[in-house]
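Be aware that the sequence shown starts at 0, since it is given in numbering that gives the first Met the number 0, and climbs by one per residue. Glycine included, each C-beta is placed from N, C-alpha and C at the ideal position. Below is one structure, written out as structure tokens; the observations come after it.
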Amino acid sequence: MEDNVTKQRIIQELVPGKQITLAHIIANPDEILYKKLGLDPAVEYSKSAIGILTLSPAETAIIAGDIAIKASGAQLGFVDRFSGTVILTGTYSEVEASLKAVTQYAEETLGFTVCRITKT
Numbered sequence: 000m001e002d003n004v005t006k007q008r009i010i011q012e013l014v015p016g017k018q019i020t021l022a023h024i025i026a027n028p029d030e031i032l033y034k035k036l037g038l039d040p041a042v043e044y045s046k047s048a049i050g051i052l053t054l055s056p057a058e059t060a061i062i063a064g065d066i067a068i069k070a071s072g073a074q075l076g077f078v079d080r081f082s083g084t085v086i087l088t089g090t091y092s093e094v095e096a097s098l099k100a101v102t103q104y105a106e107e108t109l110g111f112t113v114c115r116i117t118k119t
């Protein structure tokens with residue numbers, strides 16, 4: 000007996016827009032996460048949070064990194080102007096303040112669509 004189920008093929012693509020698609024805080028990450036991200040756990044592990052941003056267009060990561068480090072004592076762990084990724088480290092309150100500053104600026108000044116800040 001043959002099954003007449005039609006298979007669907009889904010094609011996903013990135014449509015560049017003015018948006019922040021991810022703004023997330025990881026509270027109290029394990030030391031191994033710092034290592035896997037290429038961050039020095041000896042320096043960063045005394046901190047208590049990692050912040051992650053994904054932005055489009057990707058070059059906006061440069062602006063986000065600048066705003067983030069000026070908004071609080073958070074440290075810039077990584078910026079990629081090709082993928083639009085920004086990684087921050089610091090105390091939970093520093094990282095949260097930086098993400099709030101970036102998302103607010105992007106939404107109010109740059110006219111971006113902004114996701115909410117999530118936390119784990």
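Candidates the options: closest to residue i by CA position
i: T55; options: K17, I86, T102; result: According to the sequence shown, residue 55 is Ser rather than Thr. Out of K17, I86, T102, K17 has the C-alpha closest to the C-alpha of S55.
i: E58; options: S71, T90, I19; result: I19
i: C114; options: D39, L52, G37, L87; result: L52
i: I61; options: S82, A73, G72; result: S82
i: P28; options: F111, Y91, Q7, A105; result: Y91
i: A63; options: E106, K34, T119; result: E106
i: K118; options: A48, K34, V4, D39; result: A48
8 Å Cβ cutoff, residue i in contact with chain D
i: A100; result: In the structure shown, chain D cannot be found, because there is only a single protein chain.
Reduced DSSP category for residue i - H, G, I as helix; E, B as strand; rest coil
i: Q103; result: helix
i: A26; result: strand
i: L98; result: helix
i: S82; result: coil
i: S92; result: helix
i: T108; result: coil
i: L87; result: strand
i: Q18; result: strand
Boundaries (first-last residue) of the alpha helix (DSSP H) holding residue i
i: L32; result: 30-35
i: G64; result: 59-70
Residue j beta carbon less than 8 Å from that of residue i
i: I116; j: I25; result: no
i: Q74; j: G89; result: yes
i: G76; j: L36; result: yes
i: A22; j: T102; result: yes
Residue span of the beta strand (DSSP E) that contains residue i, given as start and end
i: L75; result: 74-79
i: L54; result: 48-55
Could you tell me whether the stretch 59-67 touches the stretch 96-104, using the rule of 3 or more Cβ pairs below 8 Å?
yes
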